[in-house]
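Order-wise, the sequence lines are chains A and B.
Note that numbering that gives the first Met the number 0 has the first sequence beginning at 0, numbered continuously upward.
Note that numbering that gives the first Met the number 0 has the second sequence beginning at 0, numbered continuously upward.
Think of the CB as a built atom: it goes at the ideal place given N, C-alpha and C, for glycine as much as any other residue.
Notes to accompany the following structure.
There are 2 protein chains.
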Amino acid sequence: MQTRPRRYHHGDLRAALLTRAEQTLREKGPAALSLRELARDIGVSHAAPSRHFKDKQALLDALALNGFERLGELMTECQARVGESFAERLDAMARAYVGFATANAALLDLMYSVKHNPEASQELRSAAQRWSEQIVQLIGEGQRRGEVRQGPVERVGLPVFTTLHGYASLAASGMLPPEATEHGLDDVIASILRGCAPEPASS
Amino acid sequence: MQTRPRRYHHGDLRAALLTRAEQTLREKGPAALSLRELARDIGVSHAAPSRHFKDKQALLDALALNGFERLGELMTECQARVGESFAERLDAMARAYVGFATANAALLDLMYSVKHNPEASQELRSAAQRWSEQIVQLIGEGQRRGEVRQGPVERVGLPVFTTLHGYASLAASGMLPPEATEHGLDDVIASILRGCAPEPASS
DNA sequence: ACCTGAACACCGTTCAAGT
DNA sequence: ACCTGAACACCGTTCAAGT
């Protein structure tokens, strides 16, 4: 029943809020996320968060942005640990993305959520774009290796990105058809490869 | 300042709530959706909605379910108004889906949202699946016409579905890279077709 | 600069009571 | 069966005041 004693100076309240927010997002879902409860859990007054996030949406925006950053890091890491062939790199990237999506379903939902502050959504859009450009870059390498068909790299890359994103977001929201759990991702990757392969002879 | 007079019997409160809810969802976003405000707008007491939806999430679930039903109808309609070739039918379906997604961005977000009542999410999952099966069916027709490569229809169809869904949901959330507005969807459709085309000679 | 405490206007949910 | 009105425990946000 006793509320925890309050230290006047919290080390890094902003970081503490984000960490705790992501934890409850993961454990109890986005509906259960309240600034007041966050403040209580951390041990500051309910008005303290407003010093660091001008409103609740600003905290959600920061959470989403942080998600994109971690996703980007995850991708560069996973690409460093894998061979050079396009098929291998695509496979690794696809599995890493889907892994992130299912391990952070609520966060992914938030990252691509339609409700963001107009100012923050600008920042988020460019974060999303930086991420999609990692796939585009992969396509570029594939083209240089002759393992991906020629053409403007953004135009060849976008369908790859939307395909992976579609699978990842369906997996995260639990809306994948039940048959998919078996070879779903394999089939998706195979289908991307078929669509990416250089044309046999023509032109 | 005056609150509207309250008719004791509302014609169909459930339907009125859903209609109004979708309107404010579209106009002011999901965060602005409150049961109390809905009740005020319609002219019933704030406790009246609970007769029709056991809680707020139940209303959101109903909204999402309704979205899937309309999406399904939209698809059967659009398929009725179009030629028989697979390419033509896929194109029509893709444009209709993306059209629905951008015209009902907040609703699409809700339809594939990760936070749903466990009981309702069952129902939603099967609604999502019925919808994805419309694409699978399209693939089946394409196979019979020899315009889509052979193989288990669900396994050939899933990548098509995830690709379309990925594009639609990115378009809805405004996260498509800016280059995409030009030929984004064309490229995606083309990439699906390339991946769906029957193999040239082998096997 | 950073935080508190009180205050304000809202919520969702429940429940006895009314018709 | 369907709705009301009051009550409860919560919200997010703001703002003077404290250190």
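{"Query": "Members of the segment 126-142 of chain A that neighbour chain B once the beta carbon cut-off is set at 7 Å", "Result": "Ala127, Gln128, Ser131"}
{"Query": "Beta-carbon proximity check, B:Ile138 vs B:Val147, cutoff 8 Å", "Result": "yes"}
{"Query": "Sub-8 Å separation of B:Arg144 and B:Phe85 beta-carbons", "Result": "yes"}
{"Query": "Three-way DSSP call (helix, strand, coil) for A:Gln149 in this model", "Result": "coil"}
{"Query": "B:Asp90 classed as buried or exposed, judged by whether at least 16 other C-beta atoms fall within 10 angstroms", "Result": "buried"}
{"Query": "Cβ neighbours of A:Val152 in the same chain (closer than 6 Å, five flanking residues each side left out)", "Result": "Val135, Ile138, Gly139"}
{"Query": "Coil, strand or helix - B:Lys27 by DSSP", "Result": "helix"}
{"Query": "C-alpha distance - A:Thr101 paired with A:Ala61, whole-angstrom precision", "Result": "20 Å"}
{"Query": "Distance CB(B:Ala105)-CB(B:Arg25) smaller than 8 Å", "Result": "yes"}
{"Query": "Residues near A:Arg50 by beta carbon distance below 8 Å, same chain, minus five either side", "Result": "Leu12"}
{"Query": "For A:Asn103, the three-state DSSP class (helix, strand or coil)", "Result": "coil"}
{"Query": "Reduced DSSP category for B:Glu76 - H, G, I as helix; E, B as strand; rest coil", "Result": "helix"}
{"Query": "Buried/exposed call for B:Arg88, threshold 16 Cβ in 10 Å", "Result": "buried"}
{"Query": "First through last residue of the alpha helix (DSSP H) which encompasses A:Pro176", "Result": "Taken as a continuous stretch (DSSP letters only), A:Pro176 belongs to no alpha helix (DSSP H), as it is neither H nor E."}
{"Query": "Below-8 Å beta-carbon distance, A:Ala104 vs any chain B residue", "Result": "yes"}
{"Query": "DSSP three-state assignment for A:Gly82, whether helix, strand or coil", "Result": "coil"}
{"Query": "B:Ala170 beta carbon less than 8 Å from that of B:Met110", "Result": "no"}
{"Query": "Simplified DSSP state of B:Gln1, which is helix, strand or coil", "Result": "With a pLDDT of 35 at B:Gln1, under the threshold of 50, the modelled position of this residue cannot be trusted, and the question is left open."}
{"Query": "Contact residues within the segment 15-28 of chain B, judged by C-beta distance below 9 Å to chain A", "Result": "Gly28"}
{"Query": "As assigned by DSSP and simplified to three states, the class of B:Val97", "Result": "helix"}
{"Query": "Outcome for B:Met0 when other beta-carbon atoms lying within 10 angstroms are tallied against a minimum of 16", "Result": "For B:Met0, the predicted model reports a pLDDT of 34, less than 50, meaning its position is unreliable and no value from the coordinates is stated."}
{"Query": "A:Lys53 to A:Val113 span [Cα, whole Å]", "Result": "19 Å"}
{"Query": "Within-8 Å CB hit, B:Ser201 to chain A", "Result": "Confidence at B:Ser201 is low in this model, with a pLDDT of 47, below 50, so its placement is unreliable and no value can be given for it."}
{"Query": "Among B:Gly141, B:Gln142, B:Gly183, B:Gln149, the one whose alpha carbon lies nearest that of A:Thr161", "Result": "B:Gly183"}
{"Query": "A:Ala47 and A:Ala38 closer than 8 Å at C-beta", "Result": "yes"}
{"Query": "Environment of A:Ile188 [buried if 16+ CB atoms lie within 10 Å]", "Result": "buried"}
{"Query": "Beta-carbon spacing of A:Arg124, B:Gly165 below 8 Å", "Result": "no"}
{"Query": "Residue range of the unbroken alpha helix (DSSP H) whose run includes A:Arg143", "Result": "117-143"}
{"Query": "Cutoff 8 Å: A:Arg80 Cβ touching any chain B Cβ", "Result": "no"}
{"Query": "First through last residue of the alpha helix (DSSP H) which encompasses B:Ala46", "Result": "Segment: none, B:Ala46 is in no alpha helix (DSSP H) and carries neither H nor E."}
{"Query": "Contact set for A:Pro197: own chain, Cβ-Cβ below 6 Å, skip 5 residues either direction", "Result": "Arg148"}
{"Query": "Alpha carbon of A:Gln22 to alpha carbon of A:Phe99, nearest angstrom", "Result": "15 Å"}
{"Query": "Within chain A, partners of B:Met174 - CB distance below 7 Å", "Result": "Tyr111, Arg124, Ala127"}
{"Query": "Partner residues on chain A for B:Glu178, Cβ-Cβ distance less than 9 Å", "Result": "Pro151, Glu153, Arg154, Leu157"}
{"Query": "Listed by chain order, chain A residues near B:Ser168 by CB distance under 8 Å", "Result": "Tyr111, His164, Gly165, Ser168"}
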